[in-house]
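Okay, so here's the structure we're looking at.
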Amino acid sequence: MKIFVVVPAYNEEKTIAKVMEDLFEMGYEIIVVDDGSSDDTYNIVSRIIKEKKHGLLCRHLLNRGLGAALRTGIEAALIKDPDVIVTFDADGQHDPQDILSVSRPIINGDSDVVIGERNFKQMPSSKKFGNEVMNFITMIFYGIKVKDSQSGLRAFNRKAAETIIINARDYGVSSEIIGEVKRHNLKLVEIPIKTIYTDYSMTKGTNTSEGLKILAKLIMNILK
Amino acid sequence: MMIELYQIIAIFLGLVAITLSILRFRDGKMSLGMLIAWFLIWLIVIFISIFPNSTNYLASMTGIGRGLDFALILGLLLSFYLIFKMYNKIENIEEELTDLVRELALQRRNMGMEEDDKVKNKSENEKFADD
Chain R
70 MKIFVVVPAY
80 NEEKTIAKVM
90 EDLFEMGYEI
100 IVVDDGSSDD
110 TYNIVSRIIK
120 EKKHGLLCRH
130 LLNRGLGAAL
140 RTGIEAALIK
150 DPDVIVTFDA
160 DGQHDPQDIL
170 SVSRPIINGD
180 SDVVIGERNF
190 KQMPSSKKFG
200 NEVMNFITMI
210 FYGIKVKDSQ
220 SGLRAFNRKA
230 AETIIINARD
240 YGVSSEIIGE
250 VKRHNLKLVE
260 IPIKTIYTDY
270 SMTKGTNTSE
280 GLKILAKLIM
290 NILK
Chain G
-19 MMIELYQIIA
-9 IFLGLVAITL
1 SILRFRDGKM
11 SLGMLIAWFL
21 IWLIVIFISI
31 FPNSTNYLAS
41 MTGIGRGLDF
51 ALILGLLLSF
61 YLIFKMYNKI
71 ENIEEELTDL
81 VRELALQRRN
91 MGMEEDDKVK
101 NKSENEKFAD
111 D
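This is how it looks when you write it as structure tokens:
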């Protein structure tokens, strides 16, 4: 079983090295997508890849957003003939052990797409609100109810990775993926995962203002 | 006929805009179609400023009470349309830009897959050598 881990990274120089070390230690194939970072992310990643003689690095010359980076990473993984493609955040909020948990339903053939579901009870309230709003929005716009629509830890089998078309460039991508799962009648399961909240990861991801931005974008998409 | 301040400002603005459009067209920064469209829009603005009463006719025809209201509503609608067009255009450009950036990111050379290729070519060459 070839498991490819796609790590979208935008200005993650503080955490990316540790995340990559952990993933290499567990023996996964890694594809880092540097989304036009203005810090040292690209150099750090390319140095590590040269040292280990392992892993791929895709560089967006300009910052194009999380959705664009994920799509690039998935397309790069598809070149390498994967069995499972896992997306993994670069800010160190995920536990590498969970990669196996989200991959298992795919390896067993029980599911096409797996979402790692974070525990909302442990989530800081500033994040919880934004995430609950996004779950609600995902339900309204895509008609599918999930427990955690914005999780960055997901797993796809080859078929799902090939059929899902990501157009959203920003954080709206998480909801779009779920919408695509429904549109193509793919099987989706949610598996509980651990989330590591650090001061650093707190400043990133879906907070209230990001949630409102995604909402505005979704409404715009309908009016278009 | 009293000349109001707004008439002078509108005429002046219209002339400046037309001049700018012509200059941009000459530099190749504006297409002929857009030049004609802007030309017409600003000529109408100037015309209405000189003969404000002419809008009364259109206003009564469309059922909008006063001539000035007609001009304002028309202007608003046109502005909205242009903003909408611009939004779509920017969105398309963003998409094309993303595709371009992705294409560059996925080139084998840029992904560090050159080493793979070298190894592959080498083993293929050896195969040929064996033959």
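One line per chain: the protein sequences are R and G, in this order.
Position 200 of the first sequence, counted from 1, bears residue number 269 in this note's numbering, the numbering being contiguous throughout.
Position 16 of the second sequence, counted from 1, bears residue number -4 in this note's numbering, the numbering being contiguous throughout.
The beta carbon of each residue, even a glycine, is placed where N, CA and C say it ideally should be.
Given D111(G), which residues of its chain have a CB within under 6 Å of its CB, disregarding the five upstream and five downstream residues?
-> A caution first: D111(G) carries a pLDDT of 47, below 50, which makes its placement in the model too unreliable to give a value.
Thinking C-alpha only, which one of T207(R), Y240(R), I154(R) is nearest Y79(R)?
-> When each option's Cα is compared against that of Y79(R), the closest is Y240(R).
Taking C-alpha atoms, which residue in Y97(R), Q166(R), L287(R), G212(R) lies nearest to N254(R)?
-> It is G212(R) whose Cα lies nearest to the Cα of N254(R).
Who are the Cβ neighbours of F(-8)(G) in its own chain at under 8 Å, not counting the five residues just before and after it?
-> Residues of the same chain with their beta carbon placed closer than 8 Å to that of F(-8)(G) are lacking, with the five preceding and five following residues left out of the count.
Short Cβ contact (7 Å threshold) for L135(R) with V202(R) | Not a contact, by the Cβ cut-off of 7 Å.
Could you give the C-beta distance for F157(R) and V74(R), rounded to a whole number, given that I count them as a contact under 8 Å?
-> Indeed they touch by this definition, with Cβ atoms about 5 Å apart.
Between the beta-carbon of P261(R) and the beta-carbon of E186(R), is there less than 7 Å?
-> Yes. Within cutoff.
With a threshold of 16 other CB atoms inside 10 Å of the CB of M91(G), please say whether the residue is buried or exposed.
-> Under a 10 Å Cβ-count criterion, M91(G) is classified as buried, with 16 or more other Cβ atoms of the shown protein chains found around its own Cβ.
Residues bridged to A155(R) (per DSSP) = According to the sequence shown, residue 155(R) is Val rather than Ala. According to the DSSP secondary-structure assignment, V155(R) is paired through a beta bridge with V74(R), A224(R).
Rounded distance between the beta-carbons of V155(R) and I72(R), thought under 8 Å | Going by Cβ atoms, the distance from I72(R) to V155(R) rounds to 6 Å, so yes, they are a contact pair.
Check distances from the C-beta atoms of the region 137 to 155 of chain R to those of chain G and list, in chain order, the residues that come in under 8 Å.
-> Listed in sequence order: A137, R140, T141, E144, A145, I148.
Could you check the C-alpha separation between P174(R) and T232(R) for me, to the nearest Å?
-> Put simply, the backbone Cα of P174(R) is about 19 Å away from that of T232(R).
For the beta strand (DSSP E) that contains L125(R), what are its first and last residues?
-> Element bounds for L125(R): 125 to 129.
Assign T110(R) to one of three DSSP states: helix, strand, or coil.
-> Correct three-state label for T110(R): helix.
C-beta contact flag for W22(G) and A(-3)(G) at 7 Å = Taking 7 Å as the Cβ cut-off, W22(G) and A(-3)(G) qualify as a contacting pair.
Supposed contact pair L130(R) and V114(R) - C-beta distance, whole angstroms, cut 8 Å | Rounded, the Cβ-Cβ distance is 15 Å, inconsistent with contact.
G161(R) to N72(G) span [Cα, whole Å] | Roughly 34 Å between the two C-alpha positions.
Let me know the secondary structure DSSP gives I(-17)(G) once reduced to three states.
-> Three-state DSSP puts I(-17)(G) in coil, outside helix and strand.
Measuring only between beta-carbons, confirm whether A85(G) sits less than 7 Å from chain R.
-> Yes, contact with chain R.
Give, in chain order, every residue of the region -3 to 14 of chain G whose Cβ lies closer than 7 Å to some Cβ of chain R.
-> Taken residue by residue, none of the region -3 to 14 of chain G has a beta-carbon sitting less than 7 Å from a beta-carbon on chain R.
Any C-beta of chain A sitting closer than 7 Å to the C-beta of R46(G)?
-> The question asks about chain A, but that chain is absent: this structure's protein chains are R and G.
Are the C-beta atoms of R252(R) and some chain G residue less than 7 Å apart?
-> Look at R252(R): its C-beta is not under 7 Å from any C-beta on chain G.
Cut-off 6 Å between Cβ atoms - residues of its own chain near V76(R), not counting five sequence neighbours on either side = So the list reads V101, F157, A159, once near-sequence residues are dropped.
Using the C-alpha atoms, what's the distance from E74(G) back to G20(R)?
-> Residue 20(R) cannot be examined here, being either before or after the span of chain R that is shown, 70 to 293.
So G96(R) is in the alpha helix (DSSP H); what residue range does that whole segment cover?
-> Note, G96(R): premise wrong, no alpha helix (DSSP H); not H, not E.
Got a sec: is the Cβ-Cβ distance from V81(G) to anything in chain R below 7 Å?
-> At least one chain R Cβ lies under 7 Å of V81(G).
For K149(R) and I265(R), the rounded distance between their alpha carbons = When only Cα atoms are considered, I265(R) and K149(R) end up about 30 Å apart.
Taking only the alpha-carbon atoms, compute the straight-line gap between I38(R) and L57(G) and give it to the nearest angstrom.
-> Given a span of 70 to 293 for chain R in the structure shown, any question on residue 38(R) remains unanswerable.
Measure from the alpha carbon of P165(R) to the alpha carbon of each residue in G248(R), I246(R), L92(R), then state which is nearest.
-> It is L92(R) whose Cα lies nearest to the Cα of P165(R).
Between which two residues does the beta strand (DSSP E) carrying V215(R) extend?
-> Segment: none, V215(R) is in no beta strand (DSSP E) and carries neither H nor E.
Looking at the C-beta of M91(G), does it have a partner C-beta in chain R at a distance below 7 Å?
-> Yes, its Cβ sits closer than 7 Å to a Cβ of chain R.
Pull up the DSSP beta-bridge partners for E259(R), would you.
-> Per DSSP, I184(R).
Using the Cα positions of G45(G) and Y37(G), report the straight-line distance between them to the nearest angstrom.
-> Here the alpha carbons of Y37(G) and G45(G) stand approximately 10 Å from one another.
Using 10 angstroms around the beta-carbon of F60(G), count the other beta-carbons present and answer buried if the total reaches 16, otherwise exposed.
-> Counting Cβ neighbours within 10 Å, F60(G) comes out exposed, since fewer than 16 surround it.
Could you tell me whether the Cβ of R133(R) comes closer than 7 Å to any Cβ of chain G?
-> Taking Cβ atoms only, chain G reaches closer than 7 Å to R133(R), which makes this a yes.
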